[in-house]
Amino acid sequence: MDKQSRLELVKASELAYQAGEYSKVVEQLTELIVYEENPEHYYRRSLSYLQLNEGDLAFKDLNHIVDLEPENTFWLACRAYVHDKLGRVDAAVEDYER
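Okay, so the sequence shown: first residue is 930 according to our numbering, each after it adds one.
Below is the structure:
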């Protein structure tokens, strides 16, 4: 997939998210991730998973992002939020304290 096609898919996924078409967002971002391992794609897909009540899948994406960028406190805070939503309070606190 060329760069222009990837940019169009990013825009389409943003519009789908705004329209509440979260399954479509997941599909589009999954396709993008095949071509570029961009933490933003994983993050936006995790948000869609949360909207679809798929917390474990959201956590998996955020965990992958933290593995890619372990010093990025924003990703840690996002993962902590998902830990909390999944009832993993101790793990959430641990991420917040990092």
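Note that CB positions come from ideal geometry on N, CA and C, so glycine has one too.
- [ ] Would you kindly work out how many angstroms separate the C-alpha atoms of L958 and F988, rounded to a whole number?
- [x] Translated into positions along the sequence shown, residue 958 becomes position 29. Translated into positions along the sequence shown, residue 988 becomes position 59. Answer to the nearest angstrom: the Cα atoms are 16 angstroms apart.
TODO: Run the CB neighbour count on V1011, radius 10 Å, all protein chains shown included, and call it buried at 16 or more, exposed below.
DONE: Here residue 1011 corresponds to residue number 82 of the sequence shown, with the count starting at 1. With 16 or more other Cβ atoms within 10 Å, it is buried.
- [ ] Work out the CA separation of N992 and L981 for me, nearest whole Å.
- [x] As a working mapping, residue 981 is identified with position 52 in the sequence shown. As a working mapping, residue 992 is identified with position 63 in the sequence shown. Approximately 18 angstroms between the Cα atoms of the pair.
TODO: Determine the closest residue to R1027 out of G1016, T1002, R973, with distance taken between C-alpha atoms.
DONE: On the sequence shown, position 98 is the one that residue 1027 refers to. Checking every option, the nearest Cα to that of R1027 belongs to T1002.
Task: Helix, strand or coil at D990 [DSSP, three-state] - done: For the purposes of this step, residue 990 is identified with residue 61 of the sequence shown, where counting begins at 1. Reduced to three states, the DSSP call for D990 is helix.
Open item on the list: Report the CB separation of C1007 from Y972 in whole angstroms; it is logged as a contact under 8 angstroms.
Closed with: Taking the sequence shown and counting its residues from 1, one reaches residue 1007 at position 78. Taking the sequence shown and counting its residues from 1, one reaches residue 972 at position 43. Contact between C1007 and Y972 holds, since their C-beta atoms are separated by about 7 angstroms, short of 8 angstroms.
- [ ] Out of D985, L997, E1000, state which residue places its alpha-carbon closest to the alpha-carbon of K1014.
- [x] As a first step, residue 1014 must be located in the sequence shown, where it is residue number 85. From the listed residues D985, L997, E1000, the smallest Cα separation to K1014 is found for D985.
Open item on the list: Could you compute how far the alpha carbon of E966 sits from the alpha carbon of I994?
Closed with: By 1-based counting over the sequence shown, the position of residue 966 is 37. By 1-based counting over the sequence shown, the position of residue 994 is 65. Approximately 10 angstroms, taken between the alpha carbons.
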